[in-house]
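Trainee: Would you mind keeping the following structure in view while I ask a few things?
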Amino acid sequence: MVRDMTEDPFESVVAAHHAEIHRYLVRATSRPSDADDLSQETFVRAYKAYRSLPPDANVRAWLFAIATNLSRNHFRAEGRRRQAMVMAAAGASERGSSWPEGEVIASQAGARIDRIVAALPLKQRLAFTMRKVHELNYGAIGESLDCSAESARAHVFQALRKIRRGLDDLDVVHTERQP
Amino acid sequence: MNPENLTCREIEPDLVAVAAGEAGASAARGVERHVGVCRGCRDELARYRVLEGMVADLRRAPMAGADPTLARAELESRLADIRSRMVAYGIFSSPLGKLLIVRSELGVSMVRYIDSERAARSHLARLAGDEAVEDKSAVEGTYRELLDYLNARSTRLSWPLDLRWAGSDFQRRVLAATAQLPYGAITSYAGIARRIGEPASVRAVAQALRHNPIPIAIPCHRVIGSSGDLTGYAGSKIGLKERLLSLEGVPVGLRAHRIERDNMYVLFEGYTEYCLPTCGSLSQEPMAQLTLFGSRRHAEAVGLTACSSCRPDLHPLSA
């Protein structure tokens, strides 16, 4: 008789997007335990606002915007950004100066990039992660960060240049060209 | 090193854009010209291309500590908790005026006659805070059934009810006893007090029904004073009580706002036969032990049969 509230369309939203938002937040916060908390908070907020969301809204971009906002508040409120940077720097220095070469480089590069990304300024890190890992468009990234699509793009490019510099000691071009 | 217009420093953003596949046509041409003559930037472009490949690998690579399973499980339980507290509401027009209808995942939790939408919203906000969400589509079905009822197309509201806003255990018992009153039947506040085993609590019963969170569905309009007076309804909306009773075939003295026992069929407590009001010594019995019916049809609809001595089936009350 009454089907009204027994089926919750939000369940499919959680099923479709939770893992990805969580993954985004691991990079955004550099701490899995923070990602656990913030991913929950993202979906709790989304749940409360979901009914007033226009039917044609891009739910995925909207969730990223909520997660991004929470990440920024998180660092603003607790000053953990500094702490994360210190941790990332410590992680990097532990590696010492000798880097593996050849094929090993490719598998290590991901971890290296993750460390460099973790040490980026927050907006660059969030913009980079949304664009390069989650492939959101610059318009959506701009909305998440309260800036224009152009500024979002500039943040991503800035991040790429820093990552590129951070990989200087890996002669990636040379490696690539080896037969 | 740079015969073109752009310096190596200036061309770098375009190198990044070309490597990312995001450069416009003119920027791409500029880069092509530049790297054609500048070895350093050619290598730099190649590095950015390799970097793009590595970055693409980030999308596929598993991340240490990134298992969302536990967070997902905790989220599901938090959502279940919020869901159980949340209510959806809508404001609708009806033959009885504007109505606020609220339901939770358990059932209908409020029906309220309203004069002002703003007052209704703030009333709800006081009760439920931000856990009350306006969502007409979630209560639309409930509203349709209520309209059918108010337009005499049905005599039942078989909704699951959610008594979250019943204030006390006593009020719940009063509401439960009232919900048992069949369509077209009347009893008194004293009758309800008797049914819940608190015959002295007549005033408390009236008070509990005054704050009935789900009128119509919990038919407090079927409860009247022992003298036959309709007493009150939803504040000062006694006219609505009369209309609901008339809908159910109960003859109401419109001027005096009362129901005359002489015009009603009578069921004495514990019996399965209904009588004329003049049967035996019924007219001397206190209201509390009686249930009155406006029509034989509604009495028989709940399984009662005509009394074999006063024979209301042979001598029906004139309407």
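In order, the protein sequences belong to chains H and X.
Sequential numbering from 1037 applies to the first sequence in the working numbering.
Sequential numbering from 1127 applies to the second sequence in the working numbering.
A virtual CB, placed ideally from N, CA and C, is assigned to each residue, including glycine.
Since the structure is predicted, the reported quantities are computational estimates derived from the model, not experimental observations.
(1) Flag this pair as yes or no: are the beta carbons of residue 1212 of chain X and residue 1181 of chain X separated by less than 8 angstroms?
(2) Under three-state DSSP, which class holds residue 1134 of chain X?
(3) Determine, for residue 1149 of chain H, whether the minimum Cβ-Cβ distance to residues of chain X falls below 8 angstroms.
(4) Compare the C-alpha of residue 1220 of chain X against each of X/1270, X/1151, X/1231 and X/1200 and name the closest.
(5) Could you please tell me which residues of the segment 1172-1187 of chain X, in chain order, have their CB closer than 9 angstroms to any CB of chain H?
(6) DSSP three-state call for residue 1221 of chain X: helix, strand or coil?
(7) Please list the residues of the segment 1194-1209 of chain X that have a C-beta atom closer than 8 angstroms to any C-beta atom in chain H, keeping them in chain order.
(8) Three-state secondary structure (DSSP) at residue 1413 of chain X?
(9) Quick one: does residue 1189 of chain X have its CB under 8 angstroms from some CB of chain H?
(10) Between which two residues does the beta strand (DSSP E) holding residue 1175 of chain X run?
(11) Is residue 1068 of chain H close to chain X, meaning its C-beta is less than 8 angstroms from at least one C-beta of that chain?
(12) Is there a Cβ from chain H that is less than 8 angstroms from the Cβ of residue 1243 of chain X?
(13) Per DSSP, what kind of secondary structure is residue 1205 of chain H in: helix, strand or coil?
(14) Output, in chain order, the set of chain H residues within a Cβ distance shorter than 8 angstroms of residue 1138 of chain X.
(15) Sort X/1429, X/1197 and X/1234 by Cα distance to residue 1214 of chain X and report the nearest one.
(16) Just to confirm my understanding: we take residue 1029 of chain H, look at its own chain, exclude 5 residues before and 5 after, and list those with CB closer than 6 angstroms. What are they?
(17) When DSSP builds the beta bridges, which residues end up paired with residue 1355 of chain X?
(18) Taking only beta carbons into account, state which residues of the segment 1166-1180 of chain H come closer than 7 angstroms to chain X, listed in chain order.
(19) For residue 1192 of chain X and chain H, any beta-carbon pair shorter than 8 angstroms?
(20) Have a look at residue 1188 of chain X and residue 1298 of chain X and give me their C-alpha separation to the nearest angstrom.
(21) If the cut-off is 9 angstroms on Cβ atoms, which residues from the segment 1247-1269 of chain X count as contacting chain H, listed in chain order?
(22) Please report the Cβ distance between residue 1391 of chain X and residue 1402 of chain X, rounded to the nearest whole angstrom; I am assuming they are in contact, meaning their Cβ atoms lie under 8 angstroms.
(23) Kindly list the residues whose CB is nearer than 7 angstroms to the CB of residue 1421 of chain X, restricted to its own chain and excluding five residues on each side of it in sequence; keep chain order.
(24) Taking 8 angstroms as the cut-off, does the segment 1147-1164 of chain H touch the segment 1179-1191 of chain H (at least 3 CB pairs, one atom from each stretch)?
(25) Can a CB atom of chain H be found closer than 8 angstroms to the CB of residue 1376 of chain X?
(26) Can a CB atom of chain X be found closer than 8 angstroms to the CB of residue 1212 of chain H?
(27) Return the CA-CA distance between residue 1111 of chain H and residue 1102 of chain H, expressed in angstroms with no decimal places.
(28) Taking 8 angstroms as the threshold (beta carbon to beta carbon), is residue 1161 of chain X in contact with chain H?
(29) Given a cut-off of 8 angstroms, decide if residue 1201 of chain X and residue 1079 of chain H are closer than it, judged by their beta-carbon atoms.
(30) Looking only at DSSP bridge pairs, what is residue 1229 of chain X linked to?
(31) Have a look at the DSSP bridge pairing and note the partners of residue 1379 of chain X.
(32) Short of 8 angstroms in beta carbon distance, which residues of its chain neighbour residue 1153 of chain H, apart from the five on each side in sequence? Order them along the chain.
(33) Give a yes or no on whether the C-beta atoms belonging to residue 1044 of chain H and residue 1290 of chain X are separated by under 8 angstroms.
(34) Output yes or no for whether 8 angstroms exceeds the beta carbon distance between residue 1142 of chain X and residue 1197 of chain H.
(35) Which residues in chain A have a C-beta closer than 9 angstroms to the C-beta of residue 1084 of chain H? List them in chain order.
Mentor: In this structure, then:
(1) As a first step, residue 1212 of chain X is located in the second sequence; it is residue number 86 there, counting from the start. As a first step, residue 1181 of chain X is located in the second sequence; it is residue number 55 there, counting from the start. Between residue 1212 of chain X and residue 1181 of chain X, the C-beta gap is not smaller than 8 angstroms, which leaves the two residues out of contact.
(2) Indexing the second sequence from 1 puts residue 1134 of chain X at position 8. Correct three-state label for residue 1134 of chain X: helix.
(3) By 1-based counting over the first sequence, the position of residue 1149 of chain H is 113. Cβ-Cβ to chain X under 8 angstroms: yes for residue 1149 of chain H.
(4) Position 94 of the second sequence, counted from the first residue, corresponds to residue 1220 of chain X. When each option's Cα is compared against that of residue 1220 of chain X, the closest is X/1270.
(5) Here the close residues are 1172, 1173, 1174, 1175, 1176, 1177, 1178, 1179, 1180, 1181, 1182, 1183, 1184, 1185 and 1187.
(6) Here the question's residue 1221 of chain X lines up with position 95 in the second sequence. Residue 1221 of chain X: coil per DSSP, three-state reduction.
(7) Look at the segment 1194-1209 of chain X: the residues with a C-beta under 8 angstroms from a C-beta of chain H are 1194, 1196, 1197, 1198, 1200, 1201, 1202, 1204, 1205, 1208 and 1209.
(8) Here residue 1413 of chain X refers to the residue found at position 287 when the second sequence is read from its first residue. Here residue 1413 of chain X sits in helix by DSSP.
(9) Looking up residue 1189 of chain X in the second sequence gives position 63. For residue 1189 of chain X, the closest Cβ of chain H is nearer than 8 angstroms.
(10) Along the second sequence, read from residue 1 onward, the residue named residue 1175 of chain X stands at position 49. From DSSP, residue 1175 of chain X is part of no beta strand (DSSP E) but of the alpha helix (DSSP H) over 1165-1186.
(11) Working through the first sequence from its first residue, we reach residue 1068 of chain H at position 32. Yes - at least one Cβ of chain X is within 8 angstroms of the one on residue 1068 of chain H.
(12) Taking the first residue of the second sequence as 1, we reach residue 1243 of chain X at position 117. Not a single C-beta of chain H is nearer than 8 angstroms to the C-beta of residue 1243 of chain X.
(13) The sequence position of residue 1205 of chain H within the first sequence is 169, counting from 1. Look at residue 1205 of chain H here: in three-state DSSP terms it is coil, with no helix or strand label.
(14) To locate residue 1138 of chain X, count along the second sequence from 1; it is residue 12. Correct list: 1197.
(15) Start at 1 with the first residue of the second sequence, and residue 1214 of chain X comes out as number 88. Checked all of X/1429, X/1197 and X/1234; the closest Cα to residue 1214 of chain X is X/1234.
(16) The structure shown does not extend to residue 1029 of chain H, since chain H is modelled only from 1037 to 1215, so the question has no answer here.
(17) The residue given as residue 1355 of chain X occupies position 229 in the second sequence. Beta-bridge pairing links residue 1355 of chain X to X/1384.
(18) Cβ contacts with chain X come from 1168 and 1169.
(19) As a position in the second sequence, residue 1192 of chain X is number 66, starting the count at 1. Interface residue, yes.
(20) Counting from 1 along the second sequence, the entry for residue 1188 of chain X is found at position 62. Counting from 1 along the second sequence, the entry for residue 1298 of chain X is found at position 172. In a straight line, the C-alpha of residue 1188 of chain X is about 55 angstroms away from that of residue 1298 of chain X.
(21) Of all residues in the segment 1247-1269 of chain X, only 1256, 1257, 1259, 1260, 1261, 1263, 1264, 1265, 1266, 1267 and 1268 place a beta-carbon less than 9 angstroms from a beta-carbon of chain H.
(22) For this step, residue 1391 of chain X is matched to residue 265 along the second sequence. For this step, residue 1402 of chain X is matched to residue 276 along the second sequence. Sure, about 7 angstroms apart at Cβ, within 8 angstroms.
(23) Your numbering for residue 1421 of chain X matches position 295 in the second sequence. Short of 7 angstroms from the beta carbon of residue 1421 of chain X, and not among the five residues preceding or following it, lie these beta carbons of its own chain, in chain order: 1310 and 1375.
(24) Yes, since at least three Cβ pairs between the segment 1179-1191 of chain H and the segment 1147-1164 of chain H fall closer than 8 angstroms, the two stretches touch.
(25) The residue you call residue 1376 of chain X lines up with position 250 of the second sequence. So no, residue 1376 of chain X is outside the interface.
(26) Numbered from its first residue, the first sequence carries residue 1212 of chain H at position 176. With a pLDDT of 44 at residue 1212 of chain H, under the threshold of 50, the modelled position of this residue cannot be trusted; read the value that follows with caution. Judged by the 8 angstroms Cβ criterion, residue 1212 of chain H is in contact with chain X.
(27) Counting from one through the first sequence, the residue named residue 1111 of chain H turns up at place 75. Counting from one through the first sequence, the residue named residue 1102 of chain H turns up at place 66. Rounded to whole angstroms, residue 1111 of chain H to residue 1102 of chain H spans 14 angstroms at the Cα level.
(28) The residue given as residue 1161 of chain X occupies position 35 in the second sequence. Residue 1161 of chain X does not count as touching chain H.
(29) Within the first sequence, numbered from 1, the residue matching residue 1079 of chain H stands at position 43. Within the second sequence, numbered from 1, the residue matching residue 1201 of chain X stands at position 75. In contact: residue 1079 of chain H and residue 1201 of chain X (Cβ atoms closer than 8 angstroms).
(30) Within the second sequence, the letter at position 103 stands for residue 1229 of chain X. Answer by DSSP bridge pairing, in chain order: X/1214 and X/1234.
(31) Against the second sequence, residue 1379 of chain X aligns to sequence position 253. The beta-bridge partner set that DSSP reports for residue 1379 of chain X consists of X/1384.
(32) Taking the first sequence and counting its residues from 1, the one referred to as residue 1153 of chain H is at position 117. If we look at residue 1153 of chain H and ignore the five residues flanking it on each side, its Cβ neighbours are 1063, 1161, 1164, 1165, 1195 and 1199.
(33) Residue numbering aside, residue 1044 of chain H sits at position 8 when the first sequence is read from its first letter. Residue numbering aside, residue 1290 of chain X sits at position 164 when the second sequence is read from its first letter. If you check the CB distance, residue 1044 of chain H and residue 1290 of chain X do not come in under 8 angstroms.
(34) Taking the first residue of the second sequence as 1, we reach residue 1142 of chain X at position 16. Taking the first residue of the first sequence as 1, we reach residue 1197 of chain H at position 161. Contact flag set, yes.
(35) Considering every chain present, this structure includes no chain A. Its protein chains are H and X.
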